[in-house]
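Asker: Numbering-wise (my numbering), the sequence shown opens with residue 19 and increments by one.
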Amino acid sequence: MGKLDGQVALITGGTKGIGEAAVRLFVQEGARVVLCGRARQDGERIAAELNGGGTQRAAFFALDVADYENWKQAVSFVKDTFGKLNILINNAGISFRETLAETTPESWEKTIATNQTGVYYGMQLCIAAMAENGEAGSVVSTASIDGVVGDADFFSYCATKAAVQAMTRCAALYCGQKGLNIRVNAVAPGYILTPMAEEDARQNGQSIEEYCREFIALHPIGRLGTPEEVAKAYLYLACADSAFVTGTTLMVDGGYTAQ
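#1: At a cut of 8 Å, does the stretch 164–177 reach the stretch 146–153 through at least three beta carbon pairs?
#2: So, with DSSP's three-state summary, where would you put Val202?
#3: Lys21 and Asp259: beta carbons closer than 8 Å?
#4: Quick one: what does DSSP say Ser260 is sitting in, helix, strand or coil?
#5: Rounded to whole angstroms, what is the Cα-Cα separation between Gln142 and Arg220?
#6: Residues in its own chain within less than 8 Å of Thr117 by CB, not counting five upstream and five downstream?
#7: With H, G and I counted as helix, E and B as strand and the rest as coil, what does DSSP make of Asn108?
#8: Evaluate contact between the stretch 82–98 and the stretch 38–49, counting only Cβ atoms and requiring at least three cross-stretch pairs below 8 Å.
#9: Find out if the Cβ-Cβ distance for the pair Thr178, Ile130 is shorter than 8 Å.
#10: In its own chain, which residues sit with a C-beta less than 6 Å from the C-beta of Phe79, not counting the 5 before and 5 after it?
#11: The alpha helix (DSSP H) with Gly61 in it runs from where to where?
The following block contains the structure:
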């Protein structure tokens, strides 16, 4: 018996990295999953792999998280496909390696739209959808260590990830005050070897090997994390094992913020 038997999840940023790892783990644990993203070919490939054997466990929906109407369509797709919604994983995100002086209005607005406004849209629409079915619900959003300690080279990214933690606390309080059986939490990963990390290395003119050497040194545990390790944190916060946990941010950072 899986930890998510009978549950339906929507996972953004689900076509690569941490999001893909979460999609695969949630299906393994019994959930039916709508994975969302903009890479249609990757999303449809992952869904097809997970649906082998004739039972539909996953479906792909092309979602731009910065588009409110697109979010409405995504929620309707989940309900039409699997009948209900129990879990939201707000994972889609982008970053620009820019200091305060280097940040442009365009990169600022793009980062805010994806990392912050997209999380707000998801929380608002998915919590409303969860409330309709009367079952327990869980929202888990991806924050970051950079929303806790800051990083001069990622000005807009840090701002949005701090906002994710604040929105998480506010939404958790809202659900509690309204008597909704919906918990709201966040996960703050340390440096994880993902396609986003590879893009960051490229922006900084580094090979991925150079990038890893630089950032491994910042983690007392002595290595970078894996997408699968972060996905297990999502699973904990999404399932009944964390029934008394809401309004918090779980650090999955190899000791980074303990220093």
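Ideal Cβ placement from N, Cα and C applies to all residues, glycine included. No experiment lies behind these values; they were computed from the predicted model shown.
Answerer: Concretely, from the data shown:
#1: Between the stretch 164–177 and the stretch 146–153, the count of C-beta pairs closer than 8 Å stays below three; the two stretches do not touch.
#2: Taking the sequence shown and counting its residues from 1, the one referred to as residue 202 is at position 184. In the structure shown, Val202 falls within a strand segment according to DSSP collapsed to helix, strand and coil.
#3: To locate residue 21, count along the sequence shown from 1; it is residue 3. To locate residue 259, count along the sequence shown from 1; it is residue 241. Yes, these two residues count as a Cβ contact at 8 Å.
#4: Indexing the sequence shown from 1 puts residue 260 at position 242. Helix, per DSSP.
#5: What you label residue 142 is simply residue 124 of the sequence shown in a count that begins at 1. What you label residue 220 is simply residue 202 of the sequence shown in a count that begins at 1. Whole-angstrom Cα-Cα distance: 35 Å.
#6: Sequence index remark: in the sequence shown, residue 117 carries index 99 (1-based). Shown here for Thr117: same chain residues with a beta carbon closer than 8 Å to its own, the five before and five after excluded, namely Ala170, Asp171, Phe173 in chain order.
#7: Taking the sequence shown and counting its residues from 1, the one referred to as residue 108 is at position 90. The answer is strand: DSSP assigns Asn108 an E or B state.
#8: No: the two stretches stay apart, fewer than three of their Cβ pairs being nearer than 8 Å.
#9: One-based indexing of the sequence shown puts residue 178 at position 160. One-based indexing of the sequence shown puts residue 130 at position 112. Yes, these two residues count as a Cβ contact at 8 Å.
#10: Taking the sequence shown and counting its residues from 1, one reaches residue 79 at position 61. Val52, Cys54, Ala92, Phe95, listed in sequence order.
#11: On the sequence shown, residue 61 is found 43 positions in, with the first residue counted as 1. It spans 58–68 - the alpha helix (DSSP H) in which Gly61 sits, taken as one unbroken run.
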